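Asker: In my numbering, the protein residues as written are 43 to 277.
1. Express the C-alpha separation of residue 227 and residue 279 in angstroms, rounding to a whole number.
2. Starting from residue 265 and walking both ways along the alpha helix (DSSP H), at which residues does that stretch end?
3. Cβ of residue 174 within 7 Å of Cβ of residue 131?
4. Decide if the stretch 192 to 199 is in contact with the stretch 71 to 79; the criterion is three or more beta carbon pairs, one per stretch, under 8 Å apart.
5. Does the count of Cβ pairs from the stretch 155 to 163 and the stretch 209 to 225 closer than 8 Å reach three?
6. Against chain D, with Cβ distances strictly below 7 Å, would residue 255 count as a contact?
7. Roughly how many angstroms separate the alpha carbons of residue 164 and residue 236, rounded to a whole number?
8. Buried or exposed: which applies to residue 60, given that a residue is buried once 16 or more other Cβ atoms fall within 10 Å of its Cβ?
9. Leaving aside the five residues before and after residue 277 along the sequence, list all residues of the same chain whose C-beta is less than 7 Å from its C-beta, in chain order.
10. Please name the residue in 107, 115, 243 and 232 whose C-alpha comes closest to that of residue 32.
11. Between the C-alpha atoms of residue 258 and residue 76, what's the straight-line distance to the nearest angstrom?
12. Rounded to whole angstroms, what is the Cα-Cα separation between residue 269 and residue 87?
13. Of the residues 51, 49 and 62, which one's Cα is nearest the Cα of residue 247?
14. Going by C-alpha distance, which of 99, 91 and 243 is nearest residue 198?
15. Pull up the distance between the alpha-carbon of residue 116 and that of residue 218, whole angstroms please.
16. Please classify residue 50: does DSSP put it in a helix, a strand, or coil?
17. Which whole-angstrom value describes the C-beta separation of residue 266 and residue 84, a residue pair presumed to lie in contact below a C-beta threshold of 8 Å?
18. For residue 207, which residues in the same chain have their Cβ closer than 7 Å to its Cβ, ignoring the five residues on either side in sequence?
19. Rounded to whole angstroms, what's the CA-CA distance from residue 179 to residue 124? Just pull it up for me.
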């Protein structure tokens, strides 16, 4: 079977659903990371708090709290990197035992598509999982860089190198968080891709639901409302 014959196994609705999947993945990332100035996302608001964190760290003695907080962030990225690695291994195991998988999938969809169809669906799922794994690993490493920069901030707040190094640590921290968030979005869309096993209509519904969930959490969540609440400095 040549490539043309294989491509003909998928319907036009399948191609539209996959196009919507990748277009939504890219678009959501741009909307979240580059929101309008008048309506910042949670990620953009948190970036400002990360900068403030590093500035406050300069005068905090000792800096045990800062070290523990960064260690917690690294543990989170390590956990998700391990989880996505396990998921990748599971998908590869399915690719090596497609007969049983096709039997279960046929029971769910009441259809008997060729094995290549199910393999392609799993490969698309693997693309998102692999991207998530790479983002989590890089985020973990960047948090490590951030810890080194934090340790290089002088203990003397009057030292001229203190504030510039703290700002550098903040930007590395923000970049690490950005990678972590990108990994999480890949996991979300990997879950949406898994619904493709039920058909292209299910994939479209999964993509729409995933986009709504991500947009709500970034632009209409309770946590965002709390961050935007005015700070009363009066005592």
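Ideal Cβ placement from N, Cα and C applies to all residues, glycine included. Please read all numbers here as calculations on a predicted model, not as lab measurements.
Answerer: Reading it off the structure:
1. Nothing in the structure corresponds to residue 279, since the chain is present only between 43 and 277.
2. In the chain shown, the residue the question calls residue 265 occupies position 223. Here the alpha helix (DSSP H) through residue 265 covers 264 to 270.
3. The sequence position of residue 174 within the chain shown is 132, counting from 1. The sequence position of residue 131 within the chain shown is 89, counting from 1. No, the pair does not count as a contact, with Cβ atoms beyond the cut-off.
4. no
5. no
6. The chain labelled as chain D is not found in the depicted structure, where only one protein chain is given.
7. Against the chain shown, residue 164 aligns to sequence position 122. Against the chain shown, residue 236 aligns to sequence position 194. Each residue's Cα considered, the two are about 8 Å apart.
8. Residue 60 sits at position 18 when you count from the first residue of the chain shown. Looking at its Cβ environment, which holds 16 or more other Cβ atoms inside 10 Å, residue 60 is buried.
9. For this step, residue 277 is matched to residue 235 along the chain shown. Residue confidence for residue 277 is low, a pLDDT of 48 falling below 50, so the modelled location carries little weight; the figure read from the coordinates is stated next. Nothing meets the Cβ criterion.
10. Residue 32 lies beyond the residue range present for the chain, which begins at 43 and ends at 277; the question has no answer from this structure.
11. Counting from one through the chain shown, the residue named residue 258 turns up at place 216. Counting from one through the chain shown, the residue named residue 76 turns up at place 34. The straight-line gap from Cα to Cα measures roughly 16 Å.
12. By one-based count along the chain shown, residue 269 stands at place 227. By one-based count along the chain shown, residue 87 stands at place 45. Roughly 7 Å separates the two Cα atoms.
13. Along the chain shown, one-based indexing puts residue 247 at 205. For the residues 51, 49 and 62, the minimum Cα distance to residue 247 belongs to 62.
14. Start at 1 with the first residue of the chain shown, and residue 198 comes out as number 156. Cα-wise, what sits closest to residue 198 is 99.
15. Position 74 of the chain shown, counted from the first residue, corresponds to residue 116. Position 176 of the chain shown, counted from the first residue, corresponds to residue 218. In a straight line, the C-alpha of residue 116 is about 10 Å away from that of residue 218.
16. Position 8 of the chain shown holds residue 50. Three-state result, residue 50: coil.
17. Counted from its first residue, the chain shown places residue 266 at position 224. Counted from its first residue, the chain shown places residue 84 at position 42. Contact holds; Cβ gap of about 5 Å.
18. Here residue 207 is taken as the residue at index 165 of the chain shown, counted from 1. Excluding sequence neighbours, residue 207 sits near 191, 194 and 195.
19. Your numbering for residue 179 matches position 137 in the chain shown. Your numbering for residue 124 matches position 82 in the chain shown. One C-alpha to the other measures close to 9 Å.
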